[in-house]
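Report on the structure given below.
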Amino acid sequence: MIDRLKFIPGRLVQSLPVALGVTLIVFFMAHLLPGNAALALLGERATDASVAALTEQLGLNRPIWEQYVIFLTRLLHGDLGQSLTYQLPVTDLVMQAIPVTMSVLGYALALSLIISIPLAALAAFRPGGARDLGVRSYTLLGQGMPQFWVGIMLILLLGVNLKIFPVGGYGTTMVDHLYFLFLPALTLAIAMCPTIIRSLRSSMIDVLGSDYVGTAKSKGAYGVALLRDHVLRNAAIPTVSVIGVNLGYLVGGSLVIEQVFALPGLGSLMINAIFARDFPTIQGVTLFVALFVVVVGILTDVIYTMLDPRVDFASKDQT
Amino acid sequence: MTEPLLSVRSLSIGVKRGSADPTLIVDDVSFDIAKGERFGIVGESGSGKSLTLRAIGDLLPRGVEVLSGSILYNGTELVGMPRSSRRKLMGPEIAMIFQEPMTALNPVVRVGEQIAEGPRRYLGMSRAESMTRAIEMMAKTGIPDPVRRARAYPHELSGGLRQRIMIAMALSCNPRLLLCDEPTTALDVTVQHQVLRLLEDLCDDSGAALAFVTHDLAVVNQTCTDLAVMYSGHIVESGTVREVLRDPRHPYTQGLLDSAPDFDRPERPLIPIPGFPPNVASRPSGCPFAPRCPLVVEACRTAMPPMETVAPGHGAACIRADRTSRELVAR
Amino acid sequence: MMSPAELLNARQQQRRALRSRSIKPWYRNGALMAGIVIVGTLVLIAVLAPLLAPYDPIAQDLGNTLAPSSAEHWLGTDKFGRDVLSRLIWGAQVDLRVGFLAVLIPFVFGSVLGAIAGYFGGWLDTILMRIVDIFFAFPFYVMVIVLVFIFGSGETSIYLATAAVSWVSYAKIVRGEVLVAKKQDYVTAARLGGMSHGRILVKHIGPNVLSQAIIYGMSDIVMDIMAIVTLGYLGLGIAPPTAEWGSMINDGQEFITTQWQQATIPGLMVVIASLGLSFLGDGLSDLLSPERRK
Numbered sequence: 001m002i003d004r005l006k007f008i009p010g011r012l013v014q015s016l017p018v019a020l021g022v023t024l025i026v027f028f029m030a031h032l033l034p035g036n037a038a039l040a041l042l043g044e045r046a047t048d049a050s051v052a053a054l055t056e057q058l059g060l061n062r063p064i065w066e067q068y069v070i071f072l073t074r075l076l077h078g079d080l081g082q083s084l085t086y087q088l089p090v091t092d093l094v095m096q097a098i099p100v101t102m103s104v105l106g107y108a109l110a111l112s113l114i115i116s117i118p119l120a121a122l123a124a125f126r127p128g129g130a131r132d133l134g135v136r137s138y139t140l141l142g143q144g145m146p147q148f149w150v151g152i153m154l155i156l157l158l159g160v161n162l163k164i165f166p167v168g169g170y171g172t173t174m175v176d177h178l179y180f181l182f183l184p185a186l187t188l189a190i191a192m193c194p195t196i197i198r199s200l201r202s203s204m205i206d207v208l209g210s211d212y213v214g215t216a217k218s219k220g221a222y223g224v225a226l227l228r229d230h231v232l233r234n235a236a237i238p239t240v241s242v243i244g245v246n247l248g249y250l251v252g253g254s255l256v257i258e259q260v261f262a263l264p265g266l267g268s269l270m271i272n273a274i275f276a277r278d279f280p281t282i283q284g285v286t287l288f289v290a291l292f293v294v295v296v297g298i299l300t301d302v303i304y305t306m307l308d309p310r311v312d313f314a315s316k317d318q319t
Numbered sequence: 001m002t003e004p005l006l007s008v009r010s011l012s013i014g015v016k017r018g019s020a021d022p023t024l025i026v027d028d029v030s031f032d033i034a035k036g037e038r039f040g041i042v043g044e045s046g047s048g049k050s051l052t053l054r055a056i057g058d059l060l061p062r063g064v065e066v067l068s069g070s071i072l073y074n075g076t077e078l079v080g081m082p083r084s085s086r087r088k089l090m091g092p093e094i095a096m097i098f099q100e101p102m103t104a105l106n107p108v109v110r111v112g113e114q115i116a117e118g119p120r121r122y123l124g125m126s127r128a129e130s131m132t133r134a135i136e137m138m139a140k141t142g143i144p145d146p147v148r149r150a151r152a153y154p155h156e157l158s159g160g161l162r163q164r165i166m167i168a169m170a171l172s173c174n175p176r177l178l179l180c181d182e183p184t185t186a187l188d189v190t191v192q193h194q195v196l197r198l199l200e201d202l203c204d205d206s207g208a209a210l211a212f213v214t215h216d217l218a219v220v221n222q223t224c225t226d227l228a229v230m231y232s233g234h235i236v237e238s239g240t241v242r243e244v245l246r247d248p249r250h251p252y253t254q255g256l257l258d259s260a261p262d263f264d265r266p267e268r269p270l271i272p273i274p275g276f277p278p279n280v281a282s283r284p285s286g287c288p289f290a291p292r293c294p295l296v297v298e299a300c301r302t303a304m305p306p307m308e309t310v311a312p313g314h315g316a317a318c319i320r321a322d323r324t325s326r327e328l329v330a331r
Numbered sequence: 001m002m003s004p005a006e007l008l009n010a011r012q013q014q015r016r017a018l019r020s021r022s023i024k025p026w027y028r029n030g031a032l033m034a035g036i037v038i039v040g041t042l043v044l045i046a047v048l049a050p051l052l053a054p055y056d057p058i059a060q061d062l063g064n065t066l067a068p069s070s071a072e073h074w075l076g077t078d079k080f081g082r083d084v085l086s087r088l089i090w091g092a093q094v095d096l097r098v099g100f101l102a103v104l105i106p107f108v109f110g111s112v113l114g115a116i117a118g119y120f121g122g123w124l125d126t127i128l129m130r131i132v133d134i135f136f137a138f139p140f141y142v143m144v145i146v147l148v149f150i151f152g153s154g155e156t157s158i159y160l161a162t163a164a165v166s167w168v169s170y171a172k173i174v175r176g177e178v179l180v181a182k183k184q185d186y187v188t189a190a191r192l193g194g195m196s197h198g199r200i201l202v203k204h205i206g207p208n209v210l211s212q213a214i215i216y217g218m219s220d221i222v223m224d225i226m227a228i229v230t231l232g233y234l235g236l237g238i239a240p241p242t243a244e245w246g247s248m249i250n251d252g253q254e255f256i257t258t259q260w261q262q263a264t265i266p267g268l269m270v271v272i273a274s275l276g277l278s279f280l281g282d283g284l285s286d287l288l289s290p291e292r293r294k
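Protein chains in written order, with the working numbering: chain A, 1 to 319; chain B, 1 to 331; chain C, 1 to 294.
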């Protein structure tokens, strides 16, 4: 097992250009803003003197590639600049917000697996049957519903009418968090499930038609045991890829959900920064999120390798 | 006379089509397999031989079902048995070996574990015990260095080894009936021979009966004691291997022999049977072999010929079975 | 080895065979028809908005705010006294129009780039794939939000932002299709016949490859409508007081306990639009590539 994971260092090296590219784009975002970058960073009400000072300090009058190097160096030291609104290091603000966002994401992933696996299995065991059609209708509908709207509907149904769950906020203790984060996580899960179910159902149908499932049945396996020991282990493999690819989209979605449920995570940080024109914070959050997606990509490959013994990344083609 | 281990009576398998008549793929098939007997079912692709076997193992593909008839295993009726009870038979009583070992083994599970699954489920063995048994079985099937090989994944082994794994897996719970669906077709000729010998020896040892489906007469000749020849869903000839191959009474059986290489007489020309087997959906009435039969007469096309006993224990479904084909077709 | 003429003939025969094998005519295709009906109705509503809407969508009536549904106002009024039904109808115009238009540029730009990269391969292809990887690292919504911030809010920014983010998907799809297509016999035949690269791309590979891009384009329209509506909800989209479904939902969220329809119904419109477009996409997929059906 361990020697199959030897591809990781190589993979990390492969991701470097992408990571660098990400930093490049984020860096250039500042320069896309109309007008002087320092002015953008300080906000419109800055005095000429402070603008001049910051320009000097940030080396904005130096050639652009030099600025990029400075930016990169600062980044490697964990310095993302100073928030204009809070006068605090952006890194600190991001660090504070990360746990909230990550909790919602993790919670949502867990919930969506709990929902998706049984539904996909129900559909796959008898394709074309009533249950299959039901599940597929759900996936069709689910892909058409705006995430934030689903959140609002959930608030309406479970928070307002049935009063089971709170309509917003984060809570203070661990148990509180589980309670408060349930609706946002469920909203995200509902958005994620259609993609997962479609992939899982399709690969389950393939697996169920395979010869080795026939062998398993000839050994007497059926029902839940068949599912657990044979079907899932194989059907999960392509789905892991699909989840990995979609996680990026999901992170974006979670940022919006945070607005719906008033959660103090990266999303709120970002949106507030946008309205306050707090560019360093915008830059910082974007950078973090993009790098997070790159890391998730690598993790997905690792998990994929652990699940499928046939895969050999050393010779894997890049398609 | 002792009761046969397996008794198939008037078995018909096909695809139901709502209010229309179902499409028959296997039509009114009957045969017996005694304890410890090695029974071959021979036919071309599309003859229905695989489906017959799968019906016994309750492994019919989606949409295909047993339409009528009975399958008695040790006196118990298998047709119509609830799935859960049926599954309890598979493994300890009936086991199946498939044609293509690469696709028949779970690609993400180590082979030792796959062999151990049966004993763990049925013989109540613990993890460790079942793994020991798996290694035992691997050794019995002639796999070198079984302890190390047990930790391998299917794609790391050669075709011959994989088939041995399948055999080990099938025999791990000591079944009384082993169903083999063309187990050697996908293997090299030299490996085929070894695997067949292995199967014979293991079945002799354990006393298991063998139901062996193949299109290769040479294999049947080597491995089986009795056989049934199937064509287009019907059994057209049955009897002991020696009897049928020495004195075939159905023109199809004769055709099969003529078209197969004979190592005793390599100079004999191979004569293929002209034409193709009929399409399942559009079978003509009467004998299904009529369009291709060198001995066909008008009466052949009116009704399906019944099984005639031409000699003790030897039957052929041909109205001209009383005279051997060899006499009728001059060579 | 067949002569080029034989190869071309073979291809023509294959196409004819596929067509005659195709299962049913387009008007029998359930998904396609459902899609056409739904989307057609919505487009009709949008186009006929001036005739259908009972009130001016931005006319305020501060004496009659938050009225429940009644005979005069079928869906009630919002917090500024504007008729919700009229805003809903006019909103269709905004959301549908922007959704459709927003896919055009990425479609063209991405497809062309992808086709060139896939066909000519080499370092062109490698560079493009690197760029695609980089763009894919940025979550869709994050990028769109940031770009809208940079370009300022308004319709043009939305087009620019979505274009900048979604072109990569088209490039990837078209590139993949071209890679497969260029190995086909009919392309070899055309090269042997002396056809230039450009003509091959346009005449032979293009039509087959574009169908996949078009099918993806349908789901992209859905994504863009979602994006516009989300931006509207966040207050970053089309500026008020223009009626737009997303901002309507935002307006309605405050009053979820009393006038729940204000937040719910615009969302339902989005769902219906997405369903219609998905059906259309599925139907097109059946039509354009029946052999790929899963």
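Cβ atoms here follow ideal geometry from the backbone N, Cα and C, with glycine treated the same way.
One or two residues paired with residue i in a DSSP bridge
i	result
Pro89(A)	Gln82(A)
Leu6(B)	Ile33(B), Tyr73(B)
Thr214(B)	Val42(B)
Asp226(B)	Phe39(B), Thr240(B)
Pick from the options that is closest to residue i, judged by C-alpha positions
i	options	result
Asp55(B)	Ala152(B), Ser12(B), Pro4(B), Ala311(B)	Residue identity differs from the one stated: residue 55(B) is Ala in this sequence, not Asp. Among Ala152(B), Ser12(B), Pro4(B), Ala311(B), the Cα nearest to that of Ala55(B) is on Ser12(B).
Ile111(B)	Asp262(B), Ala170(B), Thr240(B), Arg83(B)	The sequence as given places Val at residue 111(B); Ile does not occur at that position. For the residues Asp262(B), Ala170(B), Thr240(B), Arg83(B), the minimum Cα distance to Val111(B) belongs to Ala170(B).
Leu53(B)	Tyr252(B), Asp247(B), Leu157(B), Ala228(B)	Ala228(B)
Phe140(C)	Pro99(A), Asp301(A), Ala290(A)	Ala290(A)
Pro194(A)	Phe148(A), Pro238(A), Leu119(A), Ala221(A)	Leu119(A)
Val15(B)	Thr302(B), Ala311(B), Ala299(B), Ala281(B)	Ala281(B)
Ser219(C)	Met129(C), Tyr170(C), Thr65(C)	Tyr170(C)
Lys183(C)	Ser69(C), Thr162(C), Leu288(C), Tyr119(C)	Tyr119(C)
Arg62(B)	Met102(A), Val242(A), Phe125(A), Gln14(A)	Phe125(A)
Contact under 8 Å by Cβ, residue i with residue j
i	j	result
Gly275(B)	Ile25(B)	no
Leu255(A)	Leu93(A)	no
Leu217(B)	Ala260(B)	yes
Met81(B)	Gly57(B)	no
Glu77(B)	Pro175(B)	no
Gly81(C)	Asp61(C)	yes
Val150(A)	Leu263(A)	no
Leu85(C)	Ala273(C)	no
Asp392(B)	Ile97(B)	Limits of chain B in this structure are 1 at one end and 331 at the other, which puts residue 392(B) out of reach.
Any C-beta of chain D under 8 Å from that of residue i
i	result
Tyr233(C)	Here chain D cannot be found, since the structure's protein chains are A, B and C.
Proximal residues to residue i (C-beta, below 6 Å), its chain only, five neighbours per side dropped
i	result
Ala116(B)	Ser130, Met131, Ala134
Trp167(C)	Pro106, Phe109, Gly110
Arg21(C)	Any reading at Arg21(C) is ruled out, since the residue's pLDDT is 45, under 50, leaving its predicted position unreliable.
Phe289(B)	Tyr231, Tyr252
Closer than 7 Å: residue i CB and nearest the ligand SAH heavy atom
i	result
Pro50(C)	As for the ligand SAH, it is missing from this structure, which has no ligand bound.
Other residues of its chain near residue i: CB distance less than 7 Å, five sequence neighbours each side excluded
i	result
Asp176(A)	none
Ala123(A)	Arg131, Asp132, Val135, Arg136, Arg201
Arg320(B)	Leu295
Gly10(A)	none
With three or more C-beta pairs closer than 8 Å as the rule, is the segment 176–186 of chain B touching the segment 139–149 of chain B? no
Touching or not, the segment 149–162 of chain A and the segment 214–221 of chain A, by the rule of three or more beta carbon pairs under 8 Å? no
Does the segment 305–324 of chain B come within contact of the segment 233–247 of chain B, defined as at least 3 CB pairs closer than 8 Å? yes
Between the segment 26–37 of chain B and the segment 3–10 of chain B, are three or more C-beta pairs nearer than 8 Å? yes
Evaluate contact between the segment 110–129 of chain C and the segment 234–243 of chain C, counting only Cβ atoms and requiring at least three cross-stretch pairs below 8 Å. no
Can at least three beta-carbon pairs, one atom from the segment 123–130 of chain C and one from the segment 182–199 of chain C, be found at a separation below 8 Å? no
Specify whether the segment 66–75 of chain B and the segment 189–198 of chain B touch according to this definition: at least 3 beta carbon pairs, one from each stretch, less than 8 Å apart. no
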